[in-house]
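Q: So the sequences go chain by chain: A and B.
Here our numbering = 1-based position in the first sequence + 6.
Going by our numbering, the residue at position 27 of the second sequence is 22; the numbering climbs one at a time, nothing skipped.
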Amino acid sequence: DTAVSQTPKYLVTQMGNDKSIKCEQNLGHDTMYWYKQDSKKFLKIMFSYNNKELIINETVPNRFSPKSPDKAHLNLHINSLELGDSAVYFCASSQVSTQQFFGPGTRLTVL
Amino acid sequence: AQTVTQSQPEMSVQEAETVTLSCTYDTSESDYYLFWYKQPPSRQMILVIRQEAYKQQNATENRFSVNFQKAAKSFSLKISDSQLGDAAMYFCAYRGNSGGSNYKLTFGKGTLLTVNP
């Protein structure tokens, strides 16, 4: 019954590795988002897809690449991980202009 | 660009008392939405209340209510009869309504609320 799910919930990895975080929503929404919450709890938009089309791409290093294979999925791939990438990453979804529903978050720790 | 400011990094309240969290924002748009989200230690983002800018009436949800002052660009959250379960980080957020990239949420830095028994 989970509305927005993310896997994994925790991810610990070494600097320089490549990792992916997956997001799935079963709400039938057409818009999905990735937000980053840093160590000071500040939340900032990274990307958004509407019907598999990228509509928001904030100032994010190109080591981050979102992929939306279909409307229900939005994955985040990160290349060459750096210490500063350690954060909690939230996926969210909405039906265009309605409220956004958030996933449980993925805590990424880069050692 | 829109900005959201929460001037109180931390607040505390006694159980059963009332507390008000402050939020101001800056925008040149006339049509937008404002939200308060709660993030307990579980880190789940939970929507507490939302306000449409075109509505003059302040939103209420049980013990939670807002004081929306559009001209002053102020959007405070009042929690009545505070409960221990209200302890969390509270985020004020803005969302435009003109389509596309405007649908992103812009968050304030948060207010950590402690509820004392």
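Virtual Cβ for every residue (Gly too), placed ideally from N, Cα, C.
(1) Which chain A residues are close to M84/B, counting only those with a beta carbon under 7 Å from its beta carbon?
(2) For the region 54 to 66 of chain A against the region 60 to 78 of chain B, do three or more pairs of beta-carbon atoms, one drawn from each stretch, fall closer than 8 Å, so that the two count as touching?
(3) Could you check whether the region 74 to 88 of chain A touches the region 21 to 38 of chain A, counting it as contact only if at least three pairs of C-beta atoms, one from each stretch, sit closer than 8 Å?
(4) Just the chain B side, please: which residues come within less than 7 Å of Q106/A by C-beta, in chain order?
(5) Let me make sure I understand the geometry here. Which of L33/A, K73/A, S11/A and A78/A has the alpha-carbon closest to that of M52/A?
(6) Report the residue from L100/B, S75/B and I74/B whose alpha carbon sits nearest the alpha carbon of C97/A.
(7) Beta strand (DSSP E) containing R69/A: first to last residue?
(8) Which residue's Cα is closest to the Cα of L33/A: A93/A, A78/A, S92/A and R69/A?
(9) Note down the Cα distance separating E5/B from T15/B, rounded to an integer number of angstroms.
(10) Just checking: is the beta-carbon of L42/B within a distance shorter than 8 Å of some beta-carbon in chain A?
(11) Would you call the CB atoms of K106/B and Q39/B closer than 8 Å?
A: In short:
(1) Along the second sequence, one-based indexing puts residue 84/B at 89. Within 7 Å Cβ-Cβ: K47.
(2) These segments do not touch.
(3) Enough Cβ pairs lie closer than 8 Å, so yes.
(4) Counting from one through the first sequence, the residue named residue 106/A turns up at place 100. In chain order: L100.
(5) Mapped onto the first sequence, residue 52/A falls at position 46. Closest by C-alpha distance to M52/A, out of L33/A, K73/A, S11/A and A78/A, is K73/A.
(6) Indexing the first sequence from 1 puts residue 97/A at position 91. In terms of CA proximity to C97/A, L100/B leads the group L100/B, S75/B and I74/B.
(7) Here the question's residue 69/A lines up with position 63 in the first sequence. Per DSSP, R69/A belongs to no beta strand (DSSP E) and is neither H nor E.
(8) Against the first sequence, residue 33/A aligns to sequence position 27. For the residues A93/A, A78/A, S92/A and R69/A, the minimum Cα distance to L33/A belongs to A78/A.
(9) Position 10 of the second sequence, counted from the start, is the residue given in the question as residue 5/B. Position 20 of the second sequence, counted from the start, is the residue given in the question as residue 15/B. Each residue's Cα considered, the two are about 12 Å apart.
(10) For this step, residue 42/B is matched to residue 47 along the second sequence. L42/B has a beta carbon lying within less than 8 Å of a beta carbon in chain A.
(11) Reading the second sequence from its first residue, position 111 is the one you call residue 106/B. Reading the second sequence from its first residue, position 44 is the one you call residue 39/B. A small fix is needed here, since residue 106/B is Thr in this sequence, not Lys. Note that the C-beta distance between T106/B and Q39/B is not below 8 Å.
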